[in-house]
Amino acid sequence: MNAPFEGIGASVRRKEDLRFISGRGNYTDDINRPGQTHMVIKRSDRPHARIISIDASAALAAPGVVAVYTGDDFANIGGLPCGWQIHNKDGSPMVEPKHPVIAHGKVRHVGDPIAVVIAETKQQAKNAAELLVIDLEDLPSIATTTDALKPGAPIVHDEAAGNLCYDWHLGDADAVAAAFATAHKVVTLDLENNRLIPNAMEPRVALGDYDRHTGDYTLFTTSQNPHVIRLLMGAFVLGLPEHKLRVVAPDVGGGFGSKIYHYAEEAIVTWAAGKLGRPVKWTAERSESFMSDAHGRDHVSTAQMAVDKDGKFLALKVHTLANMGAYLSTFAPAVPTYLYATLLAGTYTTPVIYVEVKAVFTNTVPVDAYRGAGRPEATFLLERLVDAIALDMGMDRVEIRRKNFIPRDAFPYQTPVALQYDSGDYFATLDAALKSADYAGFPARKAAAAAQGKLRGIGVSTYLEACGIAPSKVVGSLGARAGLYEVANVRVHPTGSISVFTGTHSHGQGHETTFAQLVSDQLGVPLSQVDIVHGDTGKIPFGMGTYGSRSLAVGGSAMVKAMDKIIAKGKKIAAHLMEASPEDIEFKNGVFSVAGTDKQKTLGEIALTAYVPHNYPIETLEPGLDETAFYDPANFTFPGGCHICEVEIDPETGVVAIVNFNAVDDVGRVVNPMIVEGQVQGGVAQGIGQALLENAAYDASGQLLSGSFMDYTMLRADDLTNITVGTENTMCTHNPLGSKGCGEVGAIGSPPAVINAVCDALNIRHMNMPATAEKVWSIINGRAAG
Amino acid sequence: MPQVTLTVNGKSATVEVEGRTLLVELLREKLGLTGTHVGCDTSQCGACVVHVDGVSVKSCTMLAVQADGAKVITIEGLAAADGTLHPMQEMFREHHALQCGFCTPGMVMAAIDLVNSNPLGLSQDEIRHGLEGNLCRCTGYHNIVKAIDAAQGIMHAPAAE
Chain R
0 MNAPFEGIGA SVRRKEDLRF ISGRGNYTDD INRPGQTHMV IKRSDRPHAR
50 IISIDASAAL AAPGVVAVYT GDDFANIGGL PCGWQIHNKD GSPMVEPKHP
100 VIAHGKVRHV GDPIAVVIAE TKQQAKNAAE LLVIDLEDLP SIATTTDALK
150 PGAPIVHDEA AGNLCYDWHL GDADAVAAAF ATAHKVVTLD LENNRLIPNA
200 MEPRVALGDY DRHTGDYTLF TTSQNPHVIR LLMGAFVLGL PEHKLRVVAP
250 DVGGGFGSKI YHYAEEAIVT WAAGKLGRPV KWTAERSESF MSDAHGRDHV
300 STAQMAVDKD GKFLALKVHT LANMGAYLST FAPAVPTYLY ATLLAGTYTT
350 PVIYVEVKAV FTNTVPVDAY RGAGRPEATF LLERLVDAIA LDMGMDRVEI
400 RRKNFIPRDA FPYQTPVALQ YDSGDYFATL DAALKSADYA GFPARKAAAA
450 AQGKLRGIGV STYLEACGIA PSKVVGSLGA RAGLYEVANV RVHPTGSISV
500 FTGTHSHGQG HETTFAQLVS DQLGVPLSQV DIVHGDTGKI PFGMGTYGSR
550 SLAVGGSAMV KAMDKIIAKG KKIAAHLMEA SPEDIEFKNG VFSVAGTDKQ
600 KTLGEIALTA YVPHNYPIET LEPGLDETAF YDPANFTFPG GCHICEVEID
650 PETGVVAIVN FNAVDDVGRV VNPMIVEGQV QGGVAQGIGQ ALLENAAYDA
700 SGQLLSGSFM DYTMLRADDL TNITVGTENT MCTHNPLGSK GCGEVGAIGS
750 PPAVINAVCD ALNIRHMNMP ATAEKVWSII NGRAAG
Chain P
0 MPQVTLTVNG KSATVEVEGR TLLVELLREK LGLTGTHVGC DTSQCGACVV
50 HVDGVSVKSC TMLAVQADGA KVITIEGLAA ADGTLHPMQE MFREHHALQC
100 GFCTPGMVMA AIDLVNSNPL GLSQDEIRHG LEGNLCRCTG YHNIVKAIDA
150 AQGIMHAPAA E
């Protein structure tokens, strides 16, 4: 009987699910240490204020209180570091104000930590935090992106004049100006990309532990990249060497970017655990998440495209203001620059592009990468602009896209904004999506809806993104302060079972299954014999974590390389055992055989020999079967595709219903189709959430108005219909798997598809997200501009 | 401190709690049943749903003392004694209805009550409406709806003679 196929291409059920559906997941808040104390954070309720005094005497005297710490305690400790330095147009570096672990001197956003109380129980810590007497003197504050650079605007950091963090550009300004001067037409569109709050369902948690016997620190934290946290916190904040600091990120309940960054709470609990000689645990309440997790997006842009009389794109000019919030989060400066401006060629042959980006400080929560990170902003701008061009030119929205697509035979394709796409076929994804969405049948459906008094619209988005982050040399030259390779250690145990230690991290993506399928495929062992281990710097050699849809393309490639080494060594052992030359040994389906003979040895037999080397080429080969590979990708990967959204609007209420959503993506080689479909459906849902419902609302002073699930509208099951997902894949040409990545495509491609559909239904040129019922109703009733 | 006696997953437990202790805190912190999660502080997300006397309850919204004398079932208590999973658990796995797994325990508990309360069966639209008290950030819900739809077929099937 043949074993079921479990390798690349099989929709096997997830290995991790059994513990999750049985309540046996091991999330950070499920972990408790003996003698543990609890930390509660007193956060600023003011957007901008001077700290006059903090009187902790009553809090310190309260029952159960162990310690109170303020910014003074951290004044001589490093601030939270920023991992990416952007340079201004003139070559000078960006302004990088210190981000204190606990606010010192001033608070700069609602949610900025002012003091922490550590007590025997959480309730005691909460009670005592209420007894802190904090005297704040309000300062003028600024929250709105567009107002931050205006003369006379309140200043967030004294060292950042005019609230400017950087003034950066990319592309050829002169060539764009020349093209604009002679173009048939220049189409202009002003747009905003709404600020979002990531809201992974698991709030952040940090638990610091200190071993007084060894002097070792352990941090348990809800992180997408424990090695990065170890490096940032150890080297830049607390001055702890790597060998004395272990960071564990166990099961993590979603991240979407928000758990990439090194947060203050991680440093506080680790430092305090050492200070107190006791474990210190902090668990965010959801209201804290809203005001302390990094937010996403928040761009204000003007886009202009020069076109010829046939609708061919000649030159693109973009000006963007990007809100950084009050401090620079770990990767914030890279998002509106190298993850955004470089994407503005999209799927089109636009020959010249010029992009200017000004990043500004405001009295709001720091903004950083959120699912897609820069690429959704670029895609929304471009795909909305293309619809506006079609409208202004009286052209068909699909045909103008086809006319400007990068031809199939033009790959590798060098864009004018630095990237070189290795592969893609935008015609194939477009055609498949049009078919799947029954685009041709839309006029009849629109007429039928109109007969019912409903407004129907359809929207198309033909997007491209860059992920598989990233070639270290390239990102280093662009300001990254880290390498972005990935690491895999493949350990074949003496009896043939296998542990794979990966530096990537799974927080919903299903790595324990997908990566085990890679091993099953390459080494010919059943999935049940493979364990994927992640999330512990004490077990895994190194790694850069999971974000930017990098885990399979980069981390999976590292595994392939490590398994290549296993096979190469196995061949030498097999050759010795079977008295043949290593060149004559073939490896297939878990069996080493001598070519042209019936002599063979299983991987298990070779593994046992490697660990019990009685009959072994010991003079030339070390025992053991355990190999590590560091894989640094040669290029980004470039998924792309077409999303088509059909909406129906009730003009009486302004409610937008998604009646049909079809995504056809090119994600390269697919390992587990079921998981890919789930990733795209989830990504599209988040994109629809951005387009229709979600908005991080601040008042002009910087008070967060959407500070709970009561005010910030999360998509619910009845807001959605089925999302039909298909793939039309071209292979990545530069990694051994051919995989491109699928984690972010949904959130990148979908928002403009939704808004293009809404604009089509309302017969308007543009509206900004989210298309809430109130906004749509106001447009229908002439109370607001489109 | 008040004393609460309740049955959790078939086992009797007597614990001392503060008056303000929530049922979810009792389950997680006193009984170590960490399968029940806390995802918000406004009773919106449903990660903490358990069954109290057979009805789904957001355990962050019920005081522990209110559960005195109650029979509570959590995600850990769903499988049969021999380890056989509840059909809802099976169908969640079969239909890839979970990704990060954090909302899953509450989602499964809410879904079981939803199906039990509607013996005539639910349409997929009705399932979507029935999930309005549970948030998921990963899946886009469709696979959850499919899993519940499949599970109701099994749960309502006439028992084999």
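Residue numbers (numbering that gives the first Met the number 0), protein chains in the order written: chain R, 0 to 785; chain P, 0 to 160. Beta carbons are placed, not taken as given, at the ideal position from N, Cα and C, and that holds for glycine.
Within 8 Å of the CB of Glu201/R, the CB atoms of chain P belong to His36, Gly38, Cys99, Phe101, in sequence order along the chain.
What Glu131/P touches in chain R, judged by beta-carbon distance under 8 Å, is Arg715, Ala716, Asp717, going in chain order. Within the model, the alpha-carbon separation for Leu135/R versus Phe73/R is close to 19 Å. A straight line joining the alpha-carbon of Thr181/R with that of Gly745/R spans about 38 Å. Of all C-beta pairs linking the segment 756-767 of chain R to the segment 635-647 of chain R, three or more are shorter than 8 Å, placing the two stretches in contact. For the segment 238-263 of chain R, the residues whose beta carbon sits under 9 Å from a beta carbon of chain P are, in order, Asp250, Val251, Gly252, Gly253, Gly254, Phe255.
Among the residues of the segment 109-121 of chain P, none has a Cβ less than 7 Å away from any Cβ of chain R. Around the C-beta of Asn634/R, 16 or more other C-beta atoms lie within 10 Å, and the residue is accordingly described as buried. When Cβ pairs closer than 8 Å are counted between the two stretches, the segment 682-700 of chain R is seen not to touch the segment 14-32 of chain P, the count staying below three. Bounds of any beta strand (DSSP E) do not take in Phe379/R; it lies within the alpha helix (DSSP H) bounded by 374-392.
Its chain contains Gly82, Tyr260, His261 as the residues whose beta carbon lies nearer than 6 Å to that of Thr329/R, once the 5 sequence neighbours on both sides are disregarded; these appear in chain order. At a cut-off of 9 Å between beta-carbon atoms, Glu93/P makes contact with chain R.
DSSP places Ile50/R within a strand segment (E or B) once states are collapsed to three.
Bridge partners of Met38/R according to DSSP: Ile117/R. Here Gln689/R is buried: its Cβ has 16 or more other Cβ atoms, across all protein chains shown, within 10 Å. One finds Ser21, Gly22, Arg23 in chain R with Cβ atoms closer than 8 Å to the Cβ of Glu75/P, taken in chain order.
Here Glu131/P carries a coil assignment [DSSP, helix/strand/coil]. Contact annotation: the segment 47-60 of chain P touches the segment 101-113 of chain P, with at least three C-beta pairs closer than 8 Å. Secondary structure in the segment 52-103 of chain P: the beta strand (DSSP E) runs of 3 residues or longer, each lying completely within the stretch, are 54-57, 70-72 in chain order. By alpha-carbon distance to Lys598/R, the top candidate from Lys570/R, Phe660/R, Ser10/R is Lys570/R. Look at the segment 529-552 of chain R: it has no residue with a C-beta under 7 Å from a C-beta of chain P. About 5 Å separates the beta carbons of His294/R and Val366/R, which is inside the 8 Å limit, making them a contact pair.
For His506/R, the nearest beta carbon of chain P is closer than 9 Å to its own beta carbon.
Secondary structure note for Tyr339/R: it is in no alpha helix (DSSP H), with a DSSP letter that is neither H nor E.
DSSP, reduced to helix, strand and coil, places Gln599/R within a strand of the structure shown.
With contact defined as three or more Cβ pairs closer than 8 Å, the segment 470-489 of chain R and the segment 66-84 of chain P are not in contact. With the criterion set as a beta carbon lying under 9 Å from some beta carbon of chain R, the members of the segment 4-22 of chain P are Glu17, Arg19, Thr20, in sequence order. Against Ala57/R, chain P offers no close residue; the least beta-carbon distance is about 21 Å (beta-carbon pairs closer than 7 Å). With fewer than 16 other Cβ atoms inside 10 Å of its own Cβ, Phe4/R counts as exposed. Judged by DSSP secondary structure, Thr428/R falls within the alpha helix (DSSP H) whose first and last residues are 425-435. Here Ile648/R carries a strand assignment [DSSP, helix/strand/coil]. Take the alpha-carbon of His108/R and the one of Asn362/R: they are about 5 Å apart.
The C-beta of Gln223/R has 16 or more other C-beta atoms within 10 Å across all chains shown, which makes the residue buried. Residues of the same chain with a CB within less than 7 Å of the CB of Gln521/R, apart from the 5 flanking positions on each side, are Val559, Met562 in chain order. Shortest Cα-Cα distance from Asn192/R to any of Tyr216/R, Asn694/R, Leu703/R, Ile779/R involves Asn694/R. Taking C-beta atoms under 8 Å as the contact rule, Val175/R and Val351/R qualify, at a distance of about 5 Å.
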